[in-house]
Amino acid sequence: MITGSTVRAQTIISWLKEIETEIAEQSAYLTQLDAAIGDGDHGTNMNRGFTAVGRVLAEQDEPAPPGRLLILAGKTLISTVGGASGPLWGTALRRAGRSLGDAETFDAQQLAEALDAAISGVVELGSAEPGDKTMIDALTPAAAKLHQGLDAGEPLEQALAAAVRAAKAGAESTVPMEARKGRASYLGERSIGHLDPGAASSVIILSALQRVVARDQ
Ligand code: ADP
Ligand code: MG
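Counting the sequence shown from 1 gives a position; the numbering used here is that position plus 321.
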């Protein structure tokens, strides 16, 4: 269990690798979700981006602090993904990285703050609000749960598990929503009845973090 300052660069490297593997496996599913209310490229976009992140990380020969790795990953997503998810997730990871700074390790509270910074970056760039049927509907309740758990004294692993459950519920909640941001918004009412692809990939990304944190302990 993580209780103090024990999240380190290796956790971030493992997390990004876990995302790469999981997104590759779920790519067809994400693309299928995007085919229903978008242009059917979300799985391809995310897969391209995180494969590039894996490549860039593998080329790193100097050990870098966690914040630097996240900034590098974010830049890579921005430069390799054409769809909206590239700049959005790229900004999210860069902001998280900036929030962690140059420290070698960080604690649970700093991780929660990094998630807040990531979400703020997504909101500043895409101006989505909860209820607009986007990734924000998965990420926002997850961050709230993470803070709630940590403030109640839960170990990070446990608080993250609750955050992932909140992200899943948040993603499910996008089904009856009418999209107000992104390509799905062009469909108006016809976007109702479908799961938002970006909310689905956000669950994958947070689940990967939870698994890696649980495994690294
Ligand atoms: P594109 O829409 O350019 O094809 P993707 O298919 O990769 O890009 O990503 C679509 C996802 O991006 C959506 O499901 C949604 O969750 C997210 N998204 C799109 N626009 C916004 C926005 N303005 N704010 C937050 N998330 C958004
Ligand atoms: Mg798309």
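C-beta: ideal position from N, C-alpha, C; glycine also.
Computed from a prediction, not measured in an experiment: that's the story for all the values here.
- Going by DSSP, Q479 is part of the alpha helix (DSSP H) stretching over L477 to E493.
- In the DSSP annotation of this structure, E510 is not part of any alpha helix (DSSP H), being labelled neither H nor E.
- The residues E341 and A345, in chain order, have a CB closer than 8 Å to that of T372 in the same chain once the five nearest residues on each side in sequence are set aside.
- By the Cβ-count criterion, E339 is buried, with 16 or more other Cβ atoms from all chains shown falling within 10 Å of its own Cβ.
- In the three-state reduction of the DSSP assignment, V328 falls in the strand class.
- Close CB contacts of T352 within its chain, under the 7 Å cut and outside five residues either way in sequence, are with G361, D362, H363, G364 and T365 (chain order).
- Per DSSP, E425 lies in no alpha helix (DSSP H) and is assigned neither H nor E.
- Within the same chain, D453 come within 6 Å of R501 by CB-CB distance, once the 5 residues on both sides are set aside.
- Pairing T495 with I334, the inter-Cα distance amounts to about 30 Å.
- Judged by the Cβ position, H363 qualifies as a neighbour of ligand 2 at the 7 Å threshold, a heavy atom of the ligand being closer than this.
- Relative to ligand 2, even the nearest heavy atom lies 7 Å or more away from the CB of G407.
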